[in-house]
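Numbering (the working numbering), first residue to last: 52 to 238.
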């Protein structure tokens, strides 16, 4: 074999090996590209699914938050109405021309007669001081106290007292009857 023939054979073999290597590399590149595309699609699908789940979760949270905010606004509005109702009742009780005021004071004095033993001091509110001078003759009259009406009954030694002022009685009744008032106002 000649040198020229040997060079041609080596060249042909190298060329054949190069073509085979290139063909194998192209096939491997196609496989890698297909795997990369499949992986990208998988990642895209996972990301899309995760984004959908997060969007659904955020939507649920926003709806729940809006409901909670609405409930809070309703409660605040109801509280405002309850406070206004109490303020109206206080205003009515603090009015000297309240119908039935004299009979209310008489019933409180009657109750005071059953509460106190021994010498008791009746401390009237300013608004009812004159009316109680006549109605409570069995008690020593003391200094005036603040309030919407009524009086405080105290033992002479100060050890015992009964608060029969309208505002105190109203607050006690309000606490006791708040559920009924709420039901009446809001159903």
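Glycine included, every Cβ here is placed at the ideal spot set by N, Cα and C. A quick note: this is a predicted structure, and the numbers were derived from the prediction, not measured.
Could you check whether residue 174 and residue 201 sit closer than 7 Å to each other, using their CB atoms as the reference points? Position 150 of the chain shown, counted from the first residue, corresponds to residue 201. Position 123 of the chain shown, counted from the first residue, corresponds to residue 174. Contact: no.
Between which two residues does the alpha helix (DSSP H) containing residue 220 stretch? The residue labelled residue 220 in the question sits at position 169 within the chain shown. Where residue 220 is concerned, the enclosing alpha helix (DSSP H) stretches over 217–237.
Enclosing beta strand (DSSP E) for residue 196 [first to last residue]: Along the chain shown, read from residue 1 onward, the residue named residue 196 stands at position 145. Run containing residue 196: none; DSSP gives neither H nor E here.
How should residue 118 be labelled, buried or exposed, when 16 other C-beta atoms within 10 angstroms of its C-beta is the threshold for buried? For the purposes of this step, residue 118 is taken as the residue at position 67 of the chain shown. Per the 10 Å Cβ criterion, exposed.
If I follow the unbroken beta strand (DSSP E) through residue 159, where does it start and stop? One-based indexing of the chain shown puts residue 159 at position 108. That residue, residue 159, is in no beta strand (DSSP E); its alpha helix (DSSP H) goes 152–166.
What is the C-beta distance between residue 221 and residue 140, in whole angstroms, given that I count them as a contact (C-beta under 8 Å)? In the chain shown, the residue the question calls residue 221 occupies position 170. In the chain shown, the residue the question calls residue 140 occupies position 89. With a Cβ gap of about 6 Å, residue 221 and residue 140 count as contacting.
Put residue 208 into one of helix, strand or coil per three-state DSSP. Taking the chain shown and counting its residues from 1, the one referred to as residue 208 is at position 157. Residue state, collapsed to three classes: coil.
Can you find at least 3 beta carbon pairs, one from the stretch 206–215 and one from the stretch 177–187, that sit closer than 8 Å? As far as the Cβ criterion goes, the stretch 206–215 does not touch the stretch 177–187, which means the pair count is below three.
Would residue 178 and residue 224 be called neighbours here (beta carbons separated by less than 7 Å)? Residue 178 sits at position 127 when you count from the first residue of the chain shown. Residue 224 sits at position 173 when you count from the first residue of the chain shown. Going by C-beta atoms, residue 178 is not nearer than 7 Å to residue 224.
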